[in-house]
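Asker:
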Amino acid sequence: MRLTGNRFVIIGRAGMDFYPDPPGTKTEDATQFFACLGGSSANIGVAITKLGGTADLVTCVSDDAIGRFALNELDRYGVGRAHVRSVGGEARTSLAVVETTIEDHQSVIYRNGAADFEMTTADVEAVEYAAYDALITTGTVLAADPSRSAAFRGFELAKAAGLPLIFDIDYRPYSWPSTQIAAEVYSRAGAMCDVIVGNDVEFGFMAGDYDCGLDKARELVAEGAKIAVYKMGEKGAITITPQGEVTTGIYPTKALKPTGAGDSFMGGFVSGLADGLPVRKAVLQGSASAAMVVARVGCAPAMPTREELDDFLARHAGPSAA
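In structure tokens form, the structure reads like this:
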């Protein structure tokens, strides 16, 4: 599967990330923090724009200083926010306090009354889908209404405009009322999408049995999806298409933190598809991008530029054995 271009509309959240500074500092010992853009969908948008594509975000942020911080950061990275709406009241933009550590890593997420869950069908209906080449969404948007209903409406409108739907499972248990509801909603979304990306735990969760995740990925392709990428951490990935399966390894790196890998993988992967790369090479570009981001501080600021990613790929003959 190849995309017709690199113009993406992304449904999902933007937030603020706090990192204890200097890197390696435990949160409870920190006296200063480094702030940057966060939120899985916003991070994917940054990854795409740094690699030369265009990305517009559809979401809501709180009408306060934290929401304005997120808007300013989107502007700084060139992620379009014409469809990002500010909401008042008690809604709050997500805040993540994330350590630049591997050992005993701690991430604390504040999503009580999350502003992004306030996205409505009116927000997604205002988008001109024909102006884009693909829609991307992350599973976080499906955890509550009205955001969930809005996202499914966005899927319908994008499909009607001929756009492929790209779904990053991105399962966050704390956002959901129950695992059963989450599994049902994710399965409904997966059945509508052309590209589904997730790790072994996420696919296993969708299957209702953590030992059956790979079978679930294969089932989604058998039922109509064009690509399912089943990520296995250090063991690499299995990419399933109607033409067969491709197994790839990872690029070894000296990781500073575990976070950001999924968002950077998605950005590198879809940018590869948009540039006409074969699926295997697109997956490897995503893997290389992930390897670079976990070795850097932050998520959005850590996303590689096209020049940095090309240099990394040129210096690394190939990934580890799958």
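One rule links them: number in our numbering = place in the sequence shown (from 1) + 1.
Don't be surprised by glycine CBs; every beta carbon is placed ideally from N, CA and C.
1. Does GLU246 come out as helix, strand or coil in the three-state DSSP assignment?
2. State buried or exposed for ILE49, treating a residue as buried only when at least 16 other CB atoms are found within 10 Å of its CB.
3. Just curious, the beta strand (DSSP E) that ALA292 is in, first and last residue?
4. Under 8 Å between the Cβ atoms of PRO259 and ILE103?
5. Are any of the Cβ atoms in chain D nearer than 8 Å to that of ALA161?
6. In whole angstroms, give me the CA-to-CA distance for THR141 and HIS317.
7. Are ASP96 and TYR130 close, meaning C-beta to C-beta below 8 Å?
8. Which word fits ILE12, buried or exposed, when buried means at least 16 other C-beta atoms lie within 10 angstroms of its C-beta?
9. In the structure shown, what three-state DSSP assignment does CYS213 receive?
10. Among the candidates ASP30, SER188, ALA183, THR94, whose CA atom is the shortest distance from the CA of GLN107?
11. May I have a chain-ordered list of the alpha helix (DSSP H) segments no shorter than 4 residues that lie completely inside the stretch 17 to 70?
12. Could you name the residues of the same chain whose beta carbon sits closer than 8 Å to that of ASP146, not counting the 5 residues immediately before and after it, in chain order?
13. What's the C-alpha gap between VAL280 and GLN244?
14. Considering only C-alpha positions, which residue in the set LEU38, VAL47, ASP18 is nearest to GLY268?
15. May I have the straight-line CA-CA distance separating GLN286 from THR101, to the nearest angstrom?
16. Compute the beta-carbon to beta-carbon distance between THR139 and ASP105, rounded to the nearest angstrom, for a pair I have assumed lies under 8 Å.
17. Along the chain, where does the beta strand (DSSP E) containing THR138 start, and where does it finish?
18. Over what stretch of residues does the beta strand (DSSP E) that includes LYS232 continue unbroken?
19. If you follow the alpha helix (DSSP H) that ASP264 is part of, which residue opens it and which one closes it?
20. What do you reckon, are the CB atoms on GLU203 and TYR175 nearer than 8 Å?
21. When the distance is taken between beta carbons, is GLY277 closer than 8 Å to ASN44?
22. Check whether the stretch 47 to 66 touches the stretch 12 to 29, taking contact to mean three or more Cβ pairs, one atom from each stretch, closer than 8 Å.
23. Mind listing, in chain order, the continuous beta strand (DSSP E) runs of no fewer than 3 residues lying wholly within the stretch 104 to 159?
24. Identify every run of the alpha helix (DSSP H) within the stretch 157 to 204, keeping only runs that are complete inside it and at least 4 residues long; order them along the chain.
25. Assign VAL222 to one of three DSSP states: helix, strand, or coil.
26. Just to confirm the assignment, what range does the alpha helix (DSSP H) spanning ALA315 have?
27. Check LEU72 in the structure and name its three-state DSSP category.
28. So which of VAL294, ASP210, THR180, LYS232 has the shortest CA-CA distance to GLY199?
29. Which residues share a DSSP beta bridge with SER87?
30. Classify ARG82 as helix, strand or coil using the three-state DSSP reduction.
31. Less than 8 Å separating the beta-carbons of VAL196 and LYS160?
32. Ends of the beta strand (DSSP E) at ILE12?
33. Assuming MET120 contacts ALA151 under a Cβ cut-off of 8 Å, what Cβ separation, rounded to an integer in Å, is found between them?
Answerer: The short version:
1. On the sequence shown, residue 246 is found 245 positions in, with the first residue counted as 1. DSSP places GLU246 in strand when its eight states are reduced to three.
2. Within the sequence shown, residue 49 is the residue found at index 48, counting from 1. By the neighbour-count rule (16 or more Cβ atoms within 10 Å), ILE49 is buried.
3. Here residue 292 refers to the residue found at position 291 of the sequence shown. First-last for ALA292: 280 to 294, but that is the alpha helix (DSSP H), not the beta strand (DSSP E).
4. For this step, residue 259 is matched to residue 258 along the sequence shown. For this step, residue 103 is matched to residue 102 along the sequence shown. Yes.
5. Any reference to chain D falls outside this structure, which holds one protein chain only.
6. Residue numbering aside, residue 141 sits at position 140 when the sequence shown is read from its first letter. Residue numbering aside, residue 317 sits at position 316 when the sequence shown is read from its first letter. Distance between the alpha carbons of THR141 and HIS317 is about 33 Å.
7. Indexing the sequence shown from 1 puts residue 96 at position 95. Indexing the sequence shown from 1 puts residue 130 at position 129. In the sequence under discussion, the amino acid at residue 96 is Leu, which differs from the Asp named in the question. Pairing LEU96 with TYR130 gives a Cβ-Cβ distance that is not under 8 Å.
8. Sequence index remark: in the sequence shown, residue 12 carries index 11 (1-based). Answer is buried; the Cβ neighbour count reaches 16.
9. As a working mapping, residue 213 is identified with position 212 in the sequence shown. Here CYS213 sits in helix by DSSP.
10. Position 106 of the sequence shown, counting from 1, holds the residue named residue 107. When each option's Cα is compared against that of GLN107, the closest is ASP30.
11. Counting only runs of 4+ residues, the alpha helix (DSSP H) found wholly inside the stretch 17 to 70 occupies 41 to 51, in chain order.
12. As a first step, residue 146 must be located in the sequence shown, where it is residue number 145. Hits under 8 Å: PHE118.
13. Indexing the sequence shown from 1 puts residue 280 at position 279. Indexing the sequence shown from 1 puts residue 244 at position 243. CA-CA distance, VAL280 to GLN244, rounds to 11 Å.
14. Walking along the sequence shown from the start, residue 268 turns up at place 267. Considering only alpha carbons, the answer is VAL47.
15. Along the sequence shown, read from residue 1 onward, the residue named residue 286 stands at position 285. Along the sequence shown, read from residue 1 onward, the residue named residue 101 stands at position 100. When only Cα atoms are considered, GLN286 and THR101 end up about 24 Å apart.
16. Against the sequence shown, residue 139 aligns to sequence position 138. Against the sequence shown, residue 105 aligns to sequence position 104. Rounded, the Cβ-Cβ distance is 27 Å, inconsistent with contact.
17. As a working mapping, residue 138 is identified with position 137 in the sequence shown. In the DSSP assignment, THR138 falls within the unbroken beta strand (DSSP E) covering 135 to 139.
18. What you label residue 232 is simply residue 231 of the sequence shown in a count that begins at 1. Here the beta strand (DSSP E) through LYS232 covers 228 to 232.
19. Position 263 of the sequence shown, counted from the first residue, corresponds to residue 264. From DSSP, the alpha helix (DSSP H) with ASP264 extends over 262 to 275.
20. Counted from its first residue, the sequence shown places residue 203 at position 202. Counted from its first residue, the sequence shown places residue 175 at position 174. Against a cut-off of 8 Å, the Cβ pair of TYR175 and GLU203 comes out as no contact.
21. As a working note, residue 44 is residue 43 in the sequence shown. As a working note, residue 277 is residue 276 in the sequence shown. No, they are not a contact pair.
22. Counting C-beta pairs closer than 8 Å gives three or more between the stretch 47 to 66 and the stretch 12 to 29, which meets the contact rule.
23. You should have 108 to 111, 135 to 139.
24. As far as the stretch 157 to 204 is concerned, its whole alpha helix (DSSP H) runs of at least 4 residues are 180 to 193.
25. In the sequence shown, residue 222 corresponds to position 221, counting from 1. Here VAL222 carries a helix assignment [DSSP, helix/strand/coil].
26. Residue numbering aside, residue 315 sits at position 314 when the sequence shown is read from its first letter. 307 to 316 is the span of the alpha helix (DSSP H), which, as asked, contains ALA315.
27. For the purposes of this step, residue 72 is identified with residue 71 of the sequence shown, where counting begins at 1. It is helical.
28. Against the sequence shown, residue 199 aligns to sequence position 198. Nearest option by C-alpha distance: LYS232.
29. Taking the sequence shown and counting its residues from 1, the one referred to as residue 87 is at position 86. SER87 pairs with VAL62.
30. By one-based count along the sequence shown, residue 82 stands at place 81. DSSP places ARG82 in strand when its eight states are reduced to three.
31. Along the sequence shown, one-based indexing puts residue 196 at 195. Along the sequence shown, one-based indexing puts residue 160 at 159. The Cβ atoms of VAL196 and LYS160 do not sit closer than 8 Å to each other.
32. Taking the sequence shown and counting its residues from 1, one reaches residue 12 at position 11. 8 to 12 is the extent of the beta strand (DSSP E) around ILE12.
33. Along the sequence shown, read from residue 1 onward, the residue named residue 120 stands at position 119. Along the sequence shown, read from residue 1 onward, the residue named residue 151 stands at position 150. Taking 8 Å as the upper bound for CB-CB distance, MET120 and ALA151 are in contact here, some 5 Å apart.
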